[in-house]
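Asker:
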């Protein structure tokens, strides 16, 4: 399919899956060439994406941008020279941020640097050591048990030295300076749901927003490494975000077919919380709403005390809940075009709801006469009676004190069902918006 956005929504899931497949082999981390390659790919899809390089050692609140890590090759070879662990077969085989190594170790010495999951003997775990200089290899427990006493050649052809951290942002101006924020991360190697579903769905949302006529809000879209990236971005943009942000969404784990999940903001009750809860209640009524105590992604940073931005995470199955999380089983078979399309759909509805959310007030004293305005049906059927009841319920609560999300919740209807009725009432000047 190439890199062009699918013309029809029917092909969008396949298109996002194609992007994820292209990006899957790249070895990403907090920093390094893998992140640059990933962002260069996304920039081909989003030409206005601005890529930033921030030098190692830069302070970001209580954190410091780390040295840049790059890896070219790594292996463990037995006495015969056979690679028993090979980075070329899976980039999960090396502990992230491993320092360079070229040595020979005994069987017992090697064991101190190996990571496997005895209870999951056929999967490779994903392990990192970002802020402590060490090295290691990851392998399936079944392969680990095949290792025999002897000497092993150990090579990690990596570099860890001053460089820079790479992130990207896209700003899409709207009629208003007030902003909607989308944040996703690009710091994991070959993991499909936990890593790539977020960037590809966010890219598709950005493409949809770019084509959205007469955008109300300005959209700020961030691609960067988890934790240090979001902290760095906040250190540079906190004032404008606190001044302008209306609602924000962390986009992660949006590619499987199993469930929908919501991670609320720290204190709850924000427009992002209300919109996401409302949309998921109607779009995926069996969704799981977690507590902020279950947090684990960048909502930690955006909702931290002193920051307190209105940001939530809308997901399919939540990170750290699905069994394949942070293992080699989080591969391209775990995500699907339908799963990605569903994740896109939920977030698209959230953005649509925020775009069209206003406070509405009736312009009439008492009930308006709808018939003379062509708003009352000439035939009374079950469908028309429900339509009229919804319309009258909207008018009953259109007192200028409830926005449309709250109003829809009060009357037990979806935002999507209420919006065309509100549009008709606005056209006939029965309602006014603020």
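In this note's numbering, the protein residues as written are 331 to 764.
By construction, the Cβ of each residue, glycine as well, lies at the ideal position given by its N, Cα and C atoms.
Given a cut-off of 7 Å on the beta-carbon distance, is the pair residue 422 and residue 460 in contact?
Answerer: No, these two residues do not count as a Cβ contact at 7 Å.
Asker: Quick check on the DSSP output: the alpha helix (DSSP H) that includes residue 673 runs from which residue to which?
Answerer: Counting along the chain, the alpha helix (DSSP H) containing residue 673 begins and ends at 667-685.
Asker: Taking residue 695 as part of the alpha helix (DSSP H), name the residues at either end of that continuous run.
Answerer: Taken as a continuous stretch (DSSP letters only), residue 695 belongs to no alpha helix (DSSP H), as it is neither H nor E.
Asker: Going along the chain, which residues of its own chain have a beta-carbon closer than 7 Å to the beta-carbon of residue 312, five neighbours each way excluded?
Answerer: Given a span of 331 to 764 for the chain in the structure shown, any question on residue 312 remains unanswerable.
Asker: Within 10 angstroms of its Cβ, does residue 532 collect 16 or more other Cβ (buried), or is it exposed?
Answerer: Result: buried.
Asker: For residue 349 versus residue 561, is the C-beta spacing smaller than 7 Å?
Answerer: No. Outside cutoff.
Asker: Unbroken beta strand (DSSP E) runs of length 3 or more, entirely within the stretch 700-746: which are they?
Answerer: Correct list: 729-733.
Asker: In whole angstroms, what separates the C-alpha of residue 376 from that of residue 537?
Answerer: The straight-line gap from Cα to Cα measures roughly 7 Å.
Asker: Look at residue 542 and residue 549 and say whether their C-beta atoms are less than 7 Å apart.
Answerer: Their beta carbons are not under 7 Å apart, which means residue 542 does not touch residue 549 by this criterion.
Asker: Do you know how far the Cα of residue 435 is from the Cα of residue 443?
Answerer: Using only the alpha carbons, I get a separation of about 10 Å.
Asker: Taking 6 Å as the limit between beta carbons, can you name the residues of its chain near residue 463, skipping five residues before and five after?
Answerer: These residues qualify, in order along the chain: 429.
Asker: Considering only DSSP beta bridges, list what residue 629 is partnered with.
Answerer: Looking at the DSSP assignment, residue 629 forms no beta bridge with any residue, so it has no partner.
Asker: Could you give the residue range of the alpha helix (DSSP H) that holds residue 415?
Answerer: Per DSSP, residue 415 belongs to no alpha helix (DSSP H); it is in the beta strand (DSSP E), 413-416.
Asker: Could you give the first and the last residue of the continuous beta strand (DSSP E) run that contains residue 432?
Answerer: Residues 431-436.
Asker: Please name the residue, chosen from 720, 723, 740 and 685, that lies closest to residue 505 on a Cα-to-Cα basis.
Answerer: Checking every option, the nearest Cα to that of residue 505 belongs to 685.
Asker: Can residue 365 and residue 557 be called in contact, C-beta distance under 7 Å?
Answerer: Going by C-beta atoms, residue 365 is not nearer than 7 Å to residue 557.
Asker: Residue 458 and residue 425 look like a contact to me (Cβ under 8 Å); what is the Cβ gap, rounded to whole Å?
Answerer: Between residue 425 and residue 458 the Cβ distance is about 6 Å, and since that is below 8 Å, they are a contact.
Asker: First and last residue of the alpha helix (DSSP H) that includes residue 363?
Answerer: Start and end: 363-375.
Asker: Less than 7 Å between the beta carbons of residue 356 and residue 368, yes or no?
Answerer: Closer than 7 Å, so yes.
Asker: Determine the DSSP secondary structure at residue 598, reduced to helix, strand or coil.
Answerer: Three-state result, residue 598: coil.
Asker: Helix, strand or coil for residue 546, going by three-state DSSP, please let me know.
Answerer: Three-state DSSP puts residue 546 in coil, outside helix and strand.
Asker: Would you check if there are 3 or more beta carbon pairs closer than 8 Å linking the stretch 395-409 to the stretch 570-585?
Answerer: No, the stretch 395-409 is not in contact with the stretch 570-585.
Asker: Would you mind stating whether residue 409 and residue 362 have Cβ atoms separated by less than 7 Å?
Answerer: Cβ distance not < 7 Å, so residue 409 and residue 362 don't count as in contact.
Asker: So what's residue 531 in DSSP terms, helix, strand or just coil?
Answerer: Helix.
Asker: Any chance you could list the beta strand (DSSP E) runs of at least 3 consecutive residues sitting entirely within the stretch 559-629, in chain order?
Answerer: Fully enclosed beta strand (DSSP E) runs of 3 or longer: 575-581 and 591-593.
Asker: Identify every residue that forms a DSSP beta bridge with residue 389.
Answerer: 394, per the DSSP bridge assignment.
Asker: Is the distance from the Cβ of residue 592 to the Cβ of residue 606 below 7 Å?
Answerer: Contact: yes.
Asker: Give the single residue among 735, 554, 484 and 344 whose Cα lies nearest to the Cα of residue 372.
Answerer: When each option's Cα is compared against that of residue 372, the closest is 554.
Asker: Would you list the residues sitting across from residue 537 in a DSSP beta bridge?
Answerer: Answer by DSSP bridge pairing: none, since residue 537 is not bridged.
Asker: Smallest Cα separation from residue 446: which of 472, 609 and 465?
Answerer: Looking at the Cα atoms, 472 is the closest of the given residues.
Asker: Exposed or buried, what is residue 648 when buried is set at 16 or more other beta-carbons lying within 10 Å of its beta-carbon?
Answerer: Its Cβ being crowded by 16 or more others within 10 Å, residue 648 is buried.
Asker: Assuming residue 662 and residue 522 are in contact, meaning their beta carbons sit under 8 Å apart, how far apart are those beta carbons, in whole angstroms?
Answerer: Indeed they touch by this definition, with Cβ atoms about 5 Å apart.
Asker: Give the DSSP bridge partners of residue 381, in chain order.
Answerer: 498.
Asker: DSSP puts residue 407 in a beta bridge; with which residues?
Answerer: 413 and 483, per the DSSP bridge assignment.
Asker: The alpha helix (DSSP H) with residue 763 in it runs from where to where?
Answerer: Premise fails: residue 763 lies in the beta strand (DSSP E), 761-763, not in any alpha helix (DSSP H).
Asker: Which of helix, strand or coil does DSSP assign to residue 347?
Answerer: DSSP places residue 347 in helix when its eight states are reduced to three.
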